[in-house]
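Student: Pasting a structure here, questions to come.
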DNA sequence: CTCGCGATCTGCT
DNA sequence: GCAGATCGCGAGG
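Residue numbers (the numbering used here): 70 to 274.
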């Protein structure tokens with residue numbers, strides 16, 4: 070009943086569509102035999118050179134180079150010098166699109182996640198926010214560029230969770246006020262009512 | 001609950 | 001030099 074997303078899934082050329090399709094899918098990591106899994110409940114789409122909020126807006130750098138790879142690899146970067154943020158690279162070769170995963174609903178390995186986050190018990194903050202979920206899932210620069218469809222280390226599964234269009238809400242992306250009119254694009258998507266949604270400040274302009 | 005702030009690294013200006 | 005796709009803490013309501 071659970072199917073690892075194939076390489077083809079990530080080659081779709083509409084990153085906004087992929088951001089919506091990833092809601093309800095399950096992100097899994099196996100780090101030194103410790104399995105953790107969580108349902109993706111919040112995403113943001115970032116689309117290539119023309120998107121003023123996308124890291125690829127100023128071309129290819131050491132940090133962004135993996136965004137130019139064909140879809141299906143991980144783009145992980147350090148934000149504010151502290152937090153690792155996890156993105157799914159999409160689109161075909163040379164088109165630097167990515168989906169930022171902003172929140173998960175924990176499903177498996179709760180004890181491992183709590184230990185990594187140094188938390189005594191489960192609350193909605195365990196995997197609410199991109200930096201938090203990366204810490205809970207042990208995602209860091211070791212995952213940079215790693216393939217997401219091999220079923221090893223890190224991958225994404227379809228477990229048949231159905232997310233109908235009326236359950237998907239959209240808003241502008243978080244923390245991208247510097248992006249001019251692109252800050253208003255409604256490219257943040259989340260599952261309505263899920264308690265693990267992050268509470269970041271929305272940047273309208 | 002909300003607000004303000006410090007931590008700490010990358011890459012552009 | 002500085003701002004950034006953030007978080008957790010303490011103080012105040």
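Beta carbons: idealized from backbone N, C-alpha and C, even for Gly.
No experiment lies behind these values; they were computed from the predicted model shown.
Can you tell me which of 125, 127, 141, 137 puts its alpha carbon nearest to the alpha carbon of residue 225?
Tutor: Your numbering for residue 225 matches position 156 in the first chain. Comparing Cα positions, the closest option is 141.
Student: Classify residue 98 as buried or exposed, calling it buried when 16 or more other Cβ atoms lie within 10 Å of its own Cβ.
Tutor: Here residue 98 refers to the residue found at position 29 of the first chain. With 16 or more other Cβ atoms within 10 Å, it is buried.
Student: Please confirm whether residue 87 and residue 108 have their CB atoms less than 8 Å apart.
Tutor: What you label residue 87 is simply residue 18 of the first chain in a count that begins at 1. What you label residue 108 is simply residue 39 of the first chain in a count that begins at 1. No; because the gap between Cβ atoms is not below 8 Å, this pair is not in contact.
Student: At a cut of 8 Å, does the region 101-115 reach the region 162-174 through at least three beta carbon pairs?
Tutor: They touch, by the three-pair rule.
Student: In the DSSP output, which residue or residues are listed as bridge partners for residue 163?
Tutor: For this step, residue 163 is matched to residue 94 along the first chain. Bridge partners of residue 163: none, in fact.
Student: Count the C-beta pairs between the region 128-139 and the region 178-188 that are closer than 8 Å, then say yes if the count reaches three, no if not.
Tutor: As far as the Cβ criterion goes, the region 128-139 does not touch the region 178-188, which means the pair count is below three.
Student: Taking Cβ positions, are residue 240 and residue 255 nearer each other than 8 Å?
Tutor: For this step, residue 240 is matched to residue 171 along the first chain. For this step, residue 255 is matched to residue 186 along the first chain. Yes; because the gap between Cβ atoms is below 8 Å, this pair is in contact.
Student: At 3 residues or longer, and completely inside the region 245-270: list those beta strand (DSSP E) runs for me, N to C.
Tutor: If we require 3 residues or more, the beta strand (DSSP E) runs fully inside the region 245-270 come out as 257-260.
Student: From the DSSP output, in three-state form, read off residue 152 for me.
Tutor: Mapped onto the first chain, residue 152 falls at position 83. Strand.
Student: Assuming contact is defined by CB atoms lying nearer than 8 Å, are residue 285 and residue 264 in contact in what I supplied?
Tutor: Nothing about residue 285 can be reported from this structure: the residues present for the chain run from 70 to 274 only.
Student: Residue 200 lies in the alpha helix (DSSP H); which residues open and close that run?
Tutor: Here residue 200 refers to the residue found at position 131 of the first chain. Here the alpha helix (DSSP H) through residue 200 covers 199-206.
Student: With distances taken from CA atoms, which of 161, 246, 230, 148 is nearest residue 78?
Tutor: As a first step, residue 78 must be located in the first chain, where it is residue number 9. Considering only alpha carbons, the answer is 161.
Student: DSSP three-state label for residue 116, please.
Tutor: Here the question's residue 116 lines up with position 47 in the first chain. In this structure, residue 116 counts as strand in the three-state DSSP scheme.
Student: Our contact map puts residue 205 next to residue 191 with C-beta atoms below 8 Å; I'd like the distance itself, whole angstroms only.
Tutor: Counting from 1 along the first chain, the entry for residue 205 is found at position 136. Counting from 1 along the first chain, the entry for residue 191 is found at position 122. Wrong, their Cβ atoms sit about 11 Å apart, outside the cutoff.
Student: Give every residue of the same chain whose Cβ lies closer than 6 Å to the Cβ of residue 214, excluding the five residues on either side of it in the sequence, and list them in chain order.
Tutor: Position 145 of the first chain, counted from the start, is the residue given in the question as residue 214. 135, 142.
Student: Taking DSSP as the reference, what is the three-state secondary structure of residue 212?
Tutor: Stepping through the first chain from its first residue, residue 212 is reached at position 143. If DSSP states are grouped into helix, strand and coil, residue 212 belongs with the helices.
Student: Quick one: give me the first and last residue of the beta strand (DSSP E) that residue 238 is part of.
Tutor: Position 169 of the first chain, counted from the first residue, corresponds to residue 238. Per DSSP, residue 238 belongs to the beta strand (DSSP E) from 237-240.
Student: Residue 89 to residue 258, Cα distance in whole Å?
Tutor: On the first chain, position 20 is the one that residue 89 refers to. On the first chain, position 189 is the one that residue 258 refers to. Spanning the two alpha carbons is a distance of roughly 6 Å.
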